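Chemist: If you're matching positions, the sequence shown starts at 0 in numbering that gives the first Met the number 0 and goes up one per residue.
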Amino acid sequence: MTLVVGTAGHIDHGKTALLKALTGMDADRLPEEQRRGMTIDLGYAYMTLPGGPDETAGRELDFVDVPGHDRLVGNMLVGAGEIDAALLVVAADEGAQAQTIEHLGLLDALGVDDGVAVLTKLDLLEPTDPRRSTRPIELRALLAPTSLAGIPLVAVSSVSGEGLDALRAELAALAERAANSRHGGPRLAIDRVFAVRGRGAVVTGSLRGGPVAVGQTLRLEPSGRPVRVRDAQVHGVAVETTPVAGRVALNLAGVTRADLARGMALVGGPDVRATRRLLVAVRPSRDGRPLRDGAEVRVHLGTAETIARLRLGHDVGGPAHSAAGELLGALSTTDALPAALDDRIVLRWPSPAETAGGGRVLDAAPPARLVRRRLEAPRIARIADAAGPAARFGALVQAHGALSADDAAAIAAVLGADPAVLASTSSVVRLGDRWADPLVLGAAARAAVDAVAAAQSVDPSAPGVATSVARSAAAAAMRRAAPGASFRAEDAVALVNALVERGELERDGDVVRTPGLRPTRPAATEAAMARLEALLLGPTPPSLSDAARSVGCPPEGIRALESEARIVRLEPDLAYAAPTFEAMAARAVALAQQGPLSPATFRDATGTSRKYALAILEELDGRGVLRRTADGHVLGPRSASS
0 MTLVVGTAGH IDHGKTALLK ALTGMDADRL PEEQRRGMTI DLGYAYMTLP GGPDETAGRE
60 LDFVDVPGHD RLVGNMLVGA GEIDAALLVV AADEGAQAQT IEHLGLLDAL GVDDGVAVLT
120 KLDLLEPTDP RRSTRPIELR ALLAPTSLAG IPLVAVSSVS GEGLDALRAE LAALAERAAN
180 SRHGGPRLAI DRVFAVRGRG AVVTGSLRGG PVAVGQTLRL EPSGRPVRVR DAQVHGVAVE
240 TTPVAGRVAL NLAGVTRADL ARGMALVGGP DVRATRRLLV AVRPSRDGRP LRDGAEVRVH
300 LGTAETIARL RLGHDVGGPA HSAAGELLGA LSTTDALPAA LDDRIVLRWP SPAETAGGGR
360 VLDAAPPARL VRRRLEAPRI ARIADAAGPA ARFGALVQAH GALSADDAAA IAAVLGADPA
420 VLASTSSVVR LGDRWADPLV LGAAARAAVD AVAAAQSVDP SAPGVATSVA RSAAAAAMRR
480 AAPGASFRAE DAVALVNALV ERGELERDGD VVRTPGLRPT RPAATEAAMA RLEALLLGPT
540 PPSLSDAARS VGCPPEGIRA LESEARIVRL EPDLAYAAPT FEAMAARAVA LAQQGPLSPA
600 TFRDATGTSR KYALAILEEL DGRGVLRRTA DGHVLGPRSA SS
């Protein structure tokens, strides 16, 4: 595996000279940089450590050389945004200066926690100069309160070569212990774009998360546009497949130079999203202005940057914090950013330009209503404080209420697991095509069941309650249990379907009811229903309306006879008692077995009229028991004899 190491330090402290001494390469690639002897934009170099890349994994080091001038901090952050470790450079004759401290603060904000500290220009100090012993003490003290506390420190001279072998040994040790542990698929944060005559657009960047192969299609974010890798190079050499990580150059098909820019990302997995909303946990700068609700900040993520509005979560007595002391909040950005769960961010004040803090992305696609409303601290804190993939997945599901299959796949990709596995160990449950919070679903299920029972108590004679009543109760309960969560109307439908499947509700056509509960009707209605059923037993029954009127059967009695399958309605005003219809149907099937059955033949065989014969045959055609042909009715696909 190739490790990406970023330089940091004050202007003219020897960063570029040190890389040239280590690698033999001049990282100042621009003519103006070489003329002025000052790094303006990002520079790149690489080295192969003793033993060679084929002998021991992780022996390649890629260096990103960043400018040290205070006006070029934005360029420094582009380079530092995707590094695995840092090479902090301090000139031994001058000691730490303004940009040393600023760069160290930025590395701390990014959470970079490994690297090597280097005292350069040792040749400018006499052997007896006391600074040879005091500078290391000063530098270790400077590192102590930061994420780089305790990293190795080496003193060198890029001119005489003193200390370079010791530095190479520390870099080899760094390569052995450090790792690019990103999950979710390949991701290249673009830091340089140019065109090659006859070949088209080329991008460079620090690859993380997995290899890229020639011919592979990647997704360009934040546009979502698919692009194909035409060629790939690593350290100037064409390759068919890149390493898992490190500096690479990709020649792209399907886009032009104008379609690409620094800050975009090429991705091969579901985890990276184009987003203007981020839930974040932020560690404020130790010595800067305090972060306040509504503050405008500049966000640096990967190689991208944009202006954003910070909304802080509120808790009792003030802003909400994670268990680790991070401020919890949301960022609404001006421009879409390619972002994923766990991405590192830096916040800077637009003016005067100072570091405001740094932190991590808790959710790259939070529900819009969650960001727009007053942020609910407990829900955000659960995400920030969750330990382990399953707990984090469950906390994110709780925050959303429910996650789509795509959102679940994006989160699971970063966590390095399958959504179904994470769900099984975090008590998350399946709801249709989504994953949902079981506590919210439990409340919604109880509300739906209670609503059905309450409606049935109002009209005990009804065969059930409209399904919409159960769905509306479930949807309202979801909104109450998780305000601002991303529940949809389809979720209430899926929940009611699940209640029916589990036997907590019973479905009968377009109504639902409490399982086992049957309508309770007045004795007079029951008697009228029995009389109507008897009137419809003959092969030529009277019209349904006349029969019901003659026996005093109300409309709800007719509906009950139908729902209980005691009568079969063929037309709005024609119905048979169920035993009669079944006998007539059996007679029709028997006749159709002998040959195509005409309405006249069926009429004569049953002693009815054409009106009744046609109605019965059409009903059987509709059910698939018979099938109408030019010669007559024959057995259909649903006939027991077919």
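Think of the CB as a built atom: it goes at the ideal place given N, C-alpha and C, for glycine as much as any other residue. Remember, predicted model here, so these are calculated numbers, not experimental data.
Assign D405 to buried or exposed, taking buried as 16 or more other Cβ atoms, counted over all protein chains shown, within 10 Å of its Cβ.
Modeler: The count along the sequence shown starts at 1 and reaches residue 405 at position 406. Per the 10 Å Cβ criterion, exposed.
Chemist: Within a Cβ cutoff of 8 Å, which residues of the same chain sit near T663, ignoring the five residues on either side of it in sequence?
Modeler: For the chain, the structure presents residues 0 to 641; residue 663 sits outside this window and is missing.
Chemist: What residues in its chain sit with their C-beta under 6 Å from that of G51, if we drop five residues either side in the sequence?
Modeler: By 1-based counting over the sequence shown, the position of residue 51 is 52. Note that G51 has pLDDT 48, beneath the 50 cutoff, so the model's placement of it is unreliable and the number below is only indicative. Here the set comprises nothing.
Chemist: For H68, which residues from the same chain have a beta carbon less than 6 Å from its beta carbon, with the 5 sequence-adjacent residues on both sides left out?
Modeler: To locate residue 68, count along the sequence shown from 1; it is residue 69. Note that H68 has pLDDT 43, beneath the 50 cutoff, so the model's placement of it is unreliable and the number below is only indicative. Excluding sequence neighbours, H68 sits near I10.
Chemist: Leaving out the 5 sequence neighbours to the left and right, which residues in its chain are closer than 7 Å to S485 when beta-carbon positions are compared?
Modeler: Residue 485 sits at position 486 when you count from the first residue of the sequence shown. Same-chain partners within the cutoff: P366, H399, G400, A401.
Chemist: Would you tell me roughly how many angstroms separate the C-alpha atoms of M24 and V233, rounded to the nearest one?
Modeler: Within the sequence shown, the letter at position 25 stands for residue 24. Within the sequence shown, the letter at position 234 stands for residue 233. Spanning the two alpha carbons is a distance of roughly 15 Å.
Chemist: Within the same chain, show all residues whose beta-carbon is closer than 6 Å to that of D270, passing over the 5 residues directly before and after it, in chain order.
Modeler: Here residue 270 is taken as the residue at index 271 of the sequence shown, counted from 1. Around D270: G183, A339, A409, A412, V413.
Chemist: With H, G and I counted as helix, E and B as strand and the rest as coil, what does DSSP make of L21?
Modeler: To locate residue 21, count along the sequence shown from 1; it is residue 22. Helix.
Chemist: So T354 is in the beta strand (DSSP E); what residue range does that whole segment cover?
Modeler: To locate residue 354, count along the sequence shown from 1; it is residue 355. It spans 353 to 362 - the beta strand (DSSP E) in which T354 sits, taken as one unbroken run.
Chemist: Which residues in the same chain as T513 place their Cβ atom closer than 8 Å to its Cβ, once the five residues preceding and following it in sequence are excluded?
Modeler: By 1-based counting over the sequence shown, the position of residue 513 is 514. These residues qualify, in order along the chain: V448, V451, A452, Q455, L504, E505.
Chemist: Can you look up T55 in the DSSP assignment and give me helix, strand or coil?
Modeler: As a working note, residue 55 is residue 56 in the sequence shown. Low local confidence applies: a pLDDT of 44 at T55 is under 50, so the model's placement there is unreliable, with the coordinate-based value given in what follows. Three-state result, T55: coil.
Chemist: What is the DSSP secondary structure of G631, counted as helix, strand or coil?
Modeler: Here residue 631 refers to the residue found at position 632 of the sequence shown. DSSP places G631 in strand when its eight states are reduced to three.
Chemist: When you compare only the Cα positions, how much space is there between A629 and A564?
Modeler: Locating residue 629 in the sequence shown gives position 630, where the first residue counts as 1. Locating residue 564 in the sequence shown gives position 565, where the first residue counts as 1. Their Cα atoms are separated by approximately 32 Å.
Chemist: Can you look up T332 in the DSSP assignment and give me helix, strand or coil?
Modeler: Taking the sequence shown and counting its residues from 1, one reaches residue 332 at position 333. The answer is strand: DSSP assigns T332 an E or B state.
Chemist: With 16 other CB atoms within 10 Å as the buried threshold, where does I150 fall?
Modeler: The residue given as residue 150 occupies position 151 in the sequence shown. By the 10 Å Cβ count, I150 comes out buried.
Chemist: Within 10 angstroms of the Cβ of E532, are there 16 or more other Cβ atoms? Answer buried if so, exposed if not.
Modeler: Position 533 of the sequence shown holds residue 532. Buried.
Chemist: Going by DSSP, what residue range makes up the beta strand (DSSP E) through G114?
Modeler: Your numbering for residue 114 matches position 115 in the sequence shown. G114 -> beta strand (DSSP E) spans 114 to 119.
Chemist: Per the contact definition of three or more C-beta pairs closer than 8 Å, is the stretch 157 to 171 in contact with the stretch 223 to 230?
Modeler: No, they do not touch.
Chemist: Below 6 Å CB to CB, which residues in the same chain sit around D432 once its five sequence neighbours on both sides are set aside?
Modeler: In the sequence shown, counting from the first residue as 1, residue 432 sits at position 433. Hits under 6 Å: A404.
Chemist: Here's the rule: buried if 16 or more other CB atoms are within 10 angstroms of the residue's CB, otherwise exposed. What is L330?
Modeler: What you label residue 330 is simply residue 331 of the sequence shown in a count that begins at 1. Label assigned to L330: buried.
Chemist: For H12, which residues of its own chain have a beta-carbon under 8 Å away from its beta-carbon, when the five flanking residues on both sides are left out?
Modeler: Indexing the sequence shown from 1 puts residue 12 at position 13. For H12, where only same-chain residues beyond five positions count, the Cβ hits under 8 Å are G67, V88, V89, A90, E93, Q96, T99, T119, K120.
Chemist: From R288 to L311, what distance separates their C-alpha atoms?
Modeler: Counting from 1 along the sequence shown, the entry for residue 288 is found at position 289. Counting from 1 along the sequence shown, the entry for residue 311 is found at position 312. Cα to Cα, the separation comes out at about 15 Å.
Chemist: Count the other CB atoms, across all protein chains shown, that sit within 10 Å of the CB of Q592; report buried if there are 16 or more and exposed otherwise.
Modeler: Translated into positions along the sequence shown, residue 592 becomes position 593. Exposed is the call here.
Chemist: Would you call the stretch 273 to 287 in contact with the stretch 348 to 368, where contact means no fewer than 3 C-beta pairs closer than 8 Å?
Modeler: Because the criterion of three Cβ pairs below 8 Å is met, the stretch 273 to 287 and the stretch 348 to 368 touch.
Chemist: Can R297 and R343 be called in contact, C-beta distance under 7 Å?
Modeler: By 1-based counting over the sequence shown, the position of residue 297 is 298. By 1-based counting over the sequence shown, the position of residue 343 is 344. No; because the gap between Cβ atoms is not below 7 Å, this pair is not in contact.
Chemist: Using a Cβ-Cβ cutoff of less than 7 Å, which residues in the same chain neighbour A264 once the five nearest sequence positions on both sides are dropped?
Modeler: What you label residue 264 is simply residue 265 of the sequence shown in a count that begins at 1. If we look at A264 and ignore the five residues flanking it on each side, its Cβ neighbours are R186, L187, A188, I189, E220, V271, G301, P337.
Chemist: Is the Cβ-Cβ distance between G356 and S471 less than 7 Å?
Modeler: Here residue 356 refers to the residue found at position 357 when the sequence shown is read from its first residue. Here residue 471 refers to the residue found at position 472 when the sequence shown is read from its first residue. Contact flag unset, no.
Chemist: Going by alpha carbons, who is nearest to P554 out of Y43, A527, A491, L535?
Modeler: Locating residue 554 in the sequence shown gives position 555, counting from the first residue. Cα-wise, what sits closest to P554 is A527.
Chemist: For I306, does the count of other Cβ atoms within 10 angstroms reach 16, so buried, or fall short, so exposed?
Modeler: Position 307 of the sequence shown holds residue 306. I306 comes out exposed.
Chemist: Determine the direct distance from the alpha carbon of H299 to that of L332, and round the result to whole angstroms.
Modeler: Here residue 332 is taken as the residue at index 333 of the sequence shown, counted from 1. Here residue 299 is taken as the residue at index 300 of the sequence shown, counted from 1. The identity of residue 332 in the sequence shown is Thr, whereas the question assumes Leu. Near 11 Å, if we compare the C-alpha coordinates of H299 and T332.
Chemist: Mind checking R196: buried by the 16 CB within 10 Å criterion, or exposed?
Modeler: What you label residue 196 is simply residue 197 of the sequence shown in a count that begins at 1. By the 10 Å Cβ count, R196 comes out exposed.
Chemist: Buried or exposed, going by whether 16 or more other CB atoms sit within 10 Å of the CB of A474?
Modeler: As a working mapping, residue 474 is identified with position 475 in the sequence shown. Answer is buried; the Cβ neighbour count reaches 16.
Chemist: Relative to the C-alpha of E295, which residue among P349, D334, G253, V266 is closest?
Modeler: To locate residue 295, count along the sequence shown from 1; it is residue 296. Residue P349 is the option with its Cα nearest to E295.
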